[in-house]
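Per the numbering used here, the very first residue in the sequence shown carries number 11; after that it's consecutive.
Cβ coordinates follow ideal geometry from the N, Cα and C atoms, glycine included.
Heads up: the structure comes next, in structure tokens.
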Amino acid sequence: MLWRKRENDAEAMELTTMHEDEEKQDALITISEVSASEDAHTLSKEEKLILLALASLSLMAALDGTSISVALPPVFSSFSDLFGRKPLILVAIFWFFIGAIVAGVANNYAHMLIGRSLQGVGGGGIITLTSIVIADIVPLKNRAKYFGMLSAIWSLGTVTGPVIGGCFAEKSTWRWIFYLNFPLIAVGTALVVWSWKFKSEAISYRDQWRKIDYLGILLFIPSTASFLIPLTWGGVLYNWDSWHTVVPLAVGAVGLIIFSIYEYMFAKNPMIPPAIFRNRTSLIAFAGYMVVGLVVWCILYFLPIYYEAVKGFKPIMAGVALFPETFTLAPSAVVVGLLISRLGDYYWAMCIGWIVSTIGTGLMYFLSADASTATWVCVNLIPGVGVGMVLPAVPLAVQAAATPQNLAIAVAMSTFFRGFGQSIGVAIGGVIFQNRMKSNLLGYAELRPNADKFSGEAASAVQMIREMADSPMKDHLREAYADSLKVVWAFCCGICGLIFVVSLFAKSYSLNRVMTTQKGPRN
11 MLWRKRENDA EAMELTTMHE DEEKQDALIT ISEVSASEDA HTLSKEEKLI LLALASLSLM
71 AALDGTSISV ALPPVFSSFS DLFGRKPLIL VAIFWFFIGA IVAGVANNYA HMLIGRSLQG
131 VGGGGIITLT SIVIADIVPL KNRAKYFGML SAIWSLGTVT GPVIGGCFAE KSTWRWIFYL
191 NFPLIAVGTA LVVWSWKFKS EAISYRDQWR KIDYLGILLF IPSTASFLIP LTWGGVLYNW
251 DSWHTVVPLA VGAVGLIIFS IYEYMFAKNP MIPPAIFRNR TSLIAFAGYM VVGLVVWCIL
311 YFLPIYYEAV KGFKPIMAGV ALFPETFTLA PSAVVVGLLI SRLGDYYWAM CIGWIVSTIG
371 TGLMYFLSAD ASTATWVCVN LIPGVGVGMV LPAVPLAVQA AATPQNLAIA VAMSTFFRGF
431 GQSIGVAIGG VIFQNRMKSN LLGYAELRPN ADKFSGEAAS AVQMIREMAD SPMKDHLREA
491 YADSLKVVWA FCCGICGLIF VVSLFAKSYS LNRVMTTQKG PRN
């Protein structure tokens, strides 16, 4: 049965439990039975305003998502533990604001790159700290509904961002893509400043600065960036075997290995405590979040290629055609989050969600060149439901398995692994797609001479294919694209099925308990 029997709540009262003895985790968690008043927890007016502000800012950050934000969640978590959540959120908002200004007035690619990088710094902090604050102010059992809503916001922003940007670029000016952020920044900042009433401690800033893992940060951020950025241009700007791709990938990988050794063996106050990886359930949940990012980004990146190259849609219409995923994923995340909070168990949602995701991505294999509108709409509803079920469940598994002192970094690492999955998902999917595309093109005599060109520039060639007159060559290209994408969908199906099997070994911790966080609200 998918539903596992949880620990008796009465036995959870005032117990000290060691997580996963077989993993030799030394951290202990003090568990207390939830009182009736805590089970019926309601947020104060100020807390609701804080969450409203952070939700608005998270939507803004999701709309403007960048690759550089992937490396920053652990850093923001570490600094917020030392200096408090509010200062770090304001710092993140500031950098996002500066980035929007620089990008909005940019007149060349270099200025645009600087602006987008600064936005990535701020956006990564906003999204990470929003999740951490939810963990700070909401009891464990009630968090699922808030993480469900946050997941819905993330999916809406992720999908609608390119559509909104395309509309501005086509109908007005692309600069409005960045100017649109300013009202949200103003309102969000005002609400954070006015509503934030968290318990504060008398701290020595000199002592806090001494606790920063400077070497860890200097190793982690450049290494992660060096590893992830080549994944965005491999097979696009440069070949995968080009030194432009291989060298930074290798440097990044070596840097991350050195960082891991340093954190595990030498760091006095490690930015990423090794203890969070000593729990089987945490590892499974982190892997699950990485697969969420991988699958969602494969769909968001490759499905528009199907719509444009195979179905002949224009870019904006291709973005609109993604709505079957969005408008099932978001409601599914919210509804399942509410059910998890009511039932006090996340395990069923995680397992059933992966089953539905496996079925849904498997059905995408049938998106042929001649698929009807009804077919592609109905097929794309199912993956959205499955991933939506998983999204509120996975963070609950991470948090239920974390010790109070490691809760913030555990939440931040969830965000990191989701972003990491997004990056490697597009890279792996791109390699699979290009190899299959080249094989398909070699099967057509008229396309064989240009097989390398078309397979290497498949994403950028969609406009040319869309504008081609009807001919046997165009039909062959459409069939080659559709067949190549089938292999990508099969890969997504396989990875979802694999993580489902792995998730069966996760532990279903009781959510009917209080975990005292380090930065809770003031009574």
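C-beta atoms of residue i and residue j nearer than 8 angstroms
i                 : j                 : result
alanine 297       : isoleucine 99     : no
alanine 490       : asparagine 445    : no
leucine 82        : glycine 135       : yes
serine 141        : threonine 413     : no
alanine 295       : valine 404        : yes
methionine 399    : glycine 435       : no
asparagine 522    : glycine 354       : yes
threonine 338     : glycine 303       : no
arginine 95       : glutamine 409     : no
leucine 373       : valine 397        : no
glycine 133       : phenylalanine 312 : no
serine 465        : lysine 484        : no
phenylalanine 188 : glycine 226       : no
alanine 492       : tyrosine 375      : no
cysteine 502      : threonine 371     : yes
phenylalanine 93  : glutamine 129     : no
isoleucine 309    : leucine 495       : no
histidine 486     : leucine 514       : no
glycine 429       : valine 80         : yes
arginine 185      : glycine 114       : yes
valine 305        : cysteine 506      : yes
serine 205        : glutamate 56      : yes
Buried or exposed (CB count within 10 angstroms, at least 16 for buried), residue i
i              : result
valine 264     : exposed
proline 482    : exposed
lysine 278     : exposed
glutamine 473  : exposed
threonine 183  : exposed
serine 47      : Confidence at serine 47 is low in this model, with a pLDDT of 39, below 50, so the placement of that residue is unreliable and no value is reported for it.
leucine 219    : Note that residue 219 is tryptophan in the sequence shown here, rather than leucine. It counts as exposed.
isoleucine 147 : buried
serine 520     : buried
proline 402    : buried
isoleucine 442 : buried
aspartate 91   : buried
lysine 58      : exposed
threonine 52   : exposed
serine 161     : buried
Opening and closing residue of the alpha helix (DSSP H) in which residue i lies
i                 : result
lysine 484        : 482 to 513
lysine 517        : Segment: none, lysine 517 is in no alpha helix (DSSP H) and carries neither H nor E.
valine 80         : Run containing valine 80: none; DSSP gives neither H nor E here.
asparagine 390    : 383 to 410
threonine 183     : Neither: threonine 183 is in no alpha helix (DSSP H) and is coded neither H nor E.
lysine 448        : 417 to 451
glutamate 477     : 472 to 477
tyrosine 274      : 253 to 275
asparagine 6      : The question about residue 6 has no answer here: the residues shown for the chain are numbered 11 through 533.
phenylalanine 230 : 224 to 243
phenylalanine 337 : 333 to 353
aspartate 146     : 119 to 147
lysine 96         : 95 to 114
leucine 293       : 290 to 315
glycine 329       : 325 to 330
alanine 359       : 357 to 373
Close Cβ partners of residue i (< 6 angstroms) along its chain, the five nearest in sequence each way excluded
i                 : result
tryptophan 250    : Gly244
threonine 291     : Ala407, Ala411, Ala516 and Lys517
leucine 241       : Ser433 and Ala437
serine 88         : Met281
aspartate 49      : Only weak support is given to the placement of aspartate 49: the predicted model assigns it a pLDDT of 45, under 50, and the value that follows is read from those uncertain coordinates. Excluding residues within five positions, none has a Cβ falling inside 6 angstroms.
tyrosine 356      : Ile350, Ala403, Leu406 and Ala407
leucine 391       : Pro334 and Thr338
phenylalanine 230 : Phe269
Contact belief for residue i with residue j at Cβ below 8 angstroms, rounded distance in angstroms
i                 : j              : result
isoleucine 350    : alanine 359    : 6 angstroms
phenylalanine 86  : threonine 138  : 5 angstroms
phenylalanine 192 : methionine 300 : Incorrect: roughly 34 angstroms between the Cβ atoms, too far for contact.
isoleucine 108    : isoleucine 195 : Their Cβ separation, rounded to whole angstroms, is 10 angstroms, which puts isoleucine 108 and isoleucine 195 out of contact at 8 angstroms.
tryptophan 237    : leucine 266    : Per the sequence shown, residue 237 should be read as phenylalanine rather than tryptophan. Correct: roughly 6 angstroms between the Cβ atoms.
proline 84        : alanine 422    : 5 angstroms
alanine 340       : serine 165     : 5 angstroms
valine 197        : serine 68      : Going by Cβ atoms, the distance from valine 197 to serine 68 rounds to 13 angstroms, so no, they are not a contact pair.
Sequence-distant residues of its chain with Cβ nearer than 8 angstroms to residue i (five each side left out)
i              : result
arginine 488   : Ala319, Val320, Ala379 and Ile475
asparagine 117 : none
Sequence-distant residues of its chain with Cβ nearer than 7 angstroms to residue i (five each side left out)
i                 : result
cysteine 177      : Ile326
tyrosine 248      : His254 and Thr255
phenylalanine 323 : Tyr317 and Ala331
proline 232       : Gly265
methionine 478    : Lys484
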